[in-house]
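Q: Start counting the sequence shown at 0; every next residue gets the next number (numbering that gives the first Met the number 0). Note that CB positions come from ideal geometry on N, CA and C, so glycine has one too. Shown below is the structure under consideration.
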Amino acid sequence: MTYLSYQVQVFFHPPIFLLKSPGYLGLDIHKHYLVAVGVNQEKEEVYGPRRVAYNQLEQWLEREVTDRDAVVLEMTTNTWQMVDLLDGRVHSLTVVHPPHVALITRAQVMTDKIAARSLARLHAAGLLPSVWIPPQPVRELRALVAQRTKVTRLSTQAKNRLHAVLHRHHLALPEGDPFAQGNQSWWGDLPLSLAQQSLVQSDLATLRFAQQQVEQLTAELTRLAAEDERVPLLVQLSGIAIVAAMTILAAIGDISRFPTAKQLVGYAGLDSRVHDSGQTKRRGRITKAGRRDLRAIMVEAAQTAANSHPHWQAELNRLRPRLGRNKAIVAIARKLLVAVWHILTQEKPDRFSQPERLARRYLPHTYRLGQANRPPGQSPAAYVRQQLNRLHIGADLTEVPWGSRRAVPLPPSAPG
Numbered sequence: 000m001t002y003l004s005y006q007v008q009v010f011f012h013p014p015i016f017l018l019k020s021p022g023y024l025g026l027d028i029h030k031h032y033l034v035a036v037g038v039n040q041e042k043e044e045v046y047g048p049r050r051v052a053y054n055q056l057e058q059w060l061e062r063e064v065t066d067r068d069a070v071v072l073e074m075t076t077n078t079w080q081m082v083d084l085l086d087g088r089v090h091s092l093t094v095v096h097p098p099h100v101a102l103i104t105r106a107q108v109m110t111d112k113i114a115a116r117s118l119a120r121l122h123a124a125g126l127l128p129s130v131w132i133p134p135q136p137v138r139e140l141r142a143l144v145a146q147r148t149k150v151t152r153l154s155t156q157a158k159n160r161l162h163a164v165l166h167r168h169h170l171a172l173p174e175g176d177p178f179a180q181g182n183q184s185w186w187g188d189l190p191l192s193l194a195q196q197s198l199v200q201s202d203l204a205t206l207r208f209a210q211q212q213v214e215q216l217t218a219e220l221t222r223l224a225a226e227d228e229r230v231p232l233l234v235q236l237s238g239i240a241i242v243a244a245m246t247i248l249a250a251i252g253d254i255s256r257f258p259t260a261k262q263l264v265g266y267a268g269l270d271s272r273v274h275d276s277g278q279t280k281r282r283g284r285i286t287k288a289g290r291r292d293l294r295a296i297m298v299e300a301a302q303t304a305a306n307s308h309p310h311w312q313a314e315l316n317r318l319r320p321r322l323g324r325n326k327a328i329v330a331i332a333r334k335l336l337v338a339v340w341h342i343l344t345q346e347k348p349d350r351f352s353q354p355e356r357l358a359r360r361y362l363p364h365t366y367r368l369g370q371a372n373r374p375p376g377q378s379p380a381a382y383v384r385q386q387l388n389r390l391h392i393g394a395d396l397t398e399v400p401w402g403s404r405r406a407v408p409l410p411p412s413a414p415g
């Protein structure tokens, strides 16, 4: 590049390092390029708008972005790749939720340049709340959980289509599990047209693929669960097993970012809408404004807890006459999430835990983990005792009832 051409480039797109510090840089991220606009503290546009293709991104960052710049971008498909690229190169990095920006910048005309300019100016004014930027392990865990949810849904859809075929043709289900391997030939012998039989075989193949993927992803989540000391804390709650615990941990990430249980409940969208104006005070339905996966898994856990734990059964019986079953289950889900916050924050047993019931939760949990995921030579009973000692509970418990005829003896609790 000649000196003259460099001067021309500076005139039209002055590098950020030539600007008055600090600078606020808004990035509008797209699939193949980004648009950058920089403003100063007075929110005056001093850079751009500049369109940068991703094959030129590294050179652009090296040439025009410095560690004095405050960068802001919206959450989108490839946000985390951009975050990793910018991390360590800039003064600060802010990722914002698009609906939060839309609440402030409602406009009939919105272009890439306008979007980047709005981000930069709002960031300079301090009006954009940042979302939490999860570390790489949390992102990977979220991806695993999301993928398992997708293939589970795929399996359910295939089963529903197969059930619909039987319903349309008034065919009775075979004995046992209709989708078991032993019933594959039964589906092939159904009195259906060639086209219908092709659809059935396609759905059966889809179901087998989805079930195989669910098993593989569950095995990986189980391996990760064995390495995470927070999982046994969550498993003590009724309705929460390995997959549910990993889903909760993936959604929450670092529990310390929620100073109160109320904030965690709001993050899940399980808090109620509130209208308080003048003499009118009214509470409505839940906001559903948070993480859908966390909300869904807590409702699922509440369904199980209300059917299996005496305390939550009593809560359901108390709330159901006034709210109905569905709303009562949602209320229990909120209470369970409050318990999750206390358990993870204080690392203590649930206040409704009893030593024997807790041991009966941990014993099947250790079997699900499998010997390969436990420390070498550790028996299931030793694992149960280790977790009870960690929670300072059940020191005098000598055995765990298991089945109707036998009990599993526990090793003695370590003194002190």
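1. Based on the DSSP secondary-structure assignment, which residues constitute the bridge partners of valine 34?
2. Can you tell which of Ser271, Arg291 and Arg294 has the C-alpha that lies nearest to the C-alpha of isoleucine 285?
3. Closest by CA to serine 352, which one among Leu368, Trp311 and Arg324?
4. Alpha carbon to alpha carbon, what distance is there between alanine 300 and glycine 238?
5. What is the DSSP secondary structure of proline 190, reduced to helix, strand or coil?
6. By the DSSP assignment, the beta strand (DSSP E) with serine 91 in it spans what residues?
7. Could you check what DSSP says for proline 408 in three-state terms: helix, strand or coil?
8. On the criterion of 16 or more Cβ atoms from any shown chain inside 10 Å, does arginine 384 qualify as buried, or is it exposed?
9. Could you tell me the alpha carbon to alpha carbon distance between leucine 387 and tryptophan 401, rounded to whole angstroms?
10. Would tyrosine 366 be called buried (16 or more neighbouring beta carbons within 10 Å of its own) or exposed?
11. Could you tell me the alpha carbon to alpha carbon distance between glutamine 195 and isoleucine 247, rounded to whole angstroms?
12. Here's the rule: buried if 16 or more other CB atoms are within 10 angstroms of the residue's CB, otherwise exposed. What is threonine 110?
13. With valine 234 as the anchor, note down where its alpha helix (DSSP H) starts and where it stops.
14. With three or more beta-carbon pairs closer than 8 Å as the criterion, would you say the region 196 to 204 touches the region 154 to 174?
15. Rounded to the nearest angstrom, what separates glycine 47 and glycine 37 at their Cα positions?
16. Opposite aspartate 111 in the DSSP bridges: which residues?
17. What ranges does the alpha helix (DSSP H) occupy inside the region 330 to 377, keeping only unbroken runs of at least 4 residues that lie completely in it?
18. Going along the chain, which residues of its own chain have a beta-carbon closer than 8 Å to the beta-carbon of glutamate 355, five neighbours each way excluded?
19. Given this structure, state the Cα-to-Cα distance separating serine 20 from valine 100, to the nearest angstrom.
20. DSSP state of glycine 402, grouped into three classes?
21. Among residues of its own chain, excluding the 5 on either side of histidine 96, which ones have a beta-carbon nearer than 7 Å to its beta-carbon?
22. From Ala69, Phe178 and His364, pick the residue whose C-alpha is nearest to that of serine 378; which is it?
23. If we define contact as Cβ-Cβ less than 8 Å, is glycine 187 a contact residue for chain D?
24. State the beta-bridge partners of leucine 72 as determined by DSSP.
25. Straight-line CA distance for glutamate 25 to arginine 116?
26. Report yes or no: do the region 141 to 155 and the region 64 to 72 share at least 3 C-beta pairs separated by less than 8 Å?
27. Could you spell out where the alpha helix (DSSP H) holding arginine 256 opens and where it closes?
28. Could you tell me the alpha carbon to alpha carbon distance between serine 403 and serine 307, rounded to whole angstroms?
29. Quick one: what does DSSP say arginine 138 is sitting in, helix, strand or coil?
A: Concretely, from the data shown:
1. Asp27 and Arg50
2. The shortest C-alpha separation from isoleucine 285 is found at Ser271.
3. Trp311
4. Straight-line spacing of the CA atoms in glycine 238 and alanine 300 works out to 4 Å.
5. Looking at proline 190 - three-state DSSP - the assignment turns out to be coil, as it is neither helix nor strand.
6. 91 to 95
7. Looking at proline 408 - three-state DSSP - the assignment turns out to be strand.
8. buried
9. 17 Å
10. exposed
11. 41 Å
12. exposed
13. 230 to 234
14. Three or more beta-carbon pairs separated by less than 8 Å link the region 196 to 204 to the region 154 to 174, which places the two stretches in contact.
15. 6 Å
16. Paired residues: none, contrary to the question.
17. 354 to 368
18. Within the same chain, Gly393, Leu396, Val399 and Pro400 come within 8 Å of glutamate 355 by CB-CB distance, once the 5 residues on both sides are set aside.
19. With a pLDDT of only 48 at serine 20, under the threshold of 50, the placement of this residue in the model should not be trusted; the figure read from the coordinates follows. Their Cα atoms are separated by approximately 25 Å.
20. coil
21. Met74 and Val130
22. His364
23. As a matter of chain content, chain D is missing from the structure shown, which is built from one protein chain.
24. For leucine 72, DSSP records a beta bridge to Leu26 and Val94.
25. In the sequence as presented, glutamate is not what sits at residue 25; that position holds glycine. C-alpha separation (whole angstroms): 6 Å.
26. no
27. Note, arginine 256: premise wrong, no alpha helix (DSSP H); not H, not E.
28. One alpha carbon belongs to serine 403, the other to serine 307, and they sit about 17 Å apart.
29. helix
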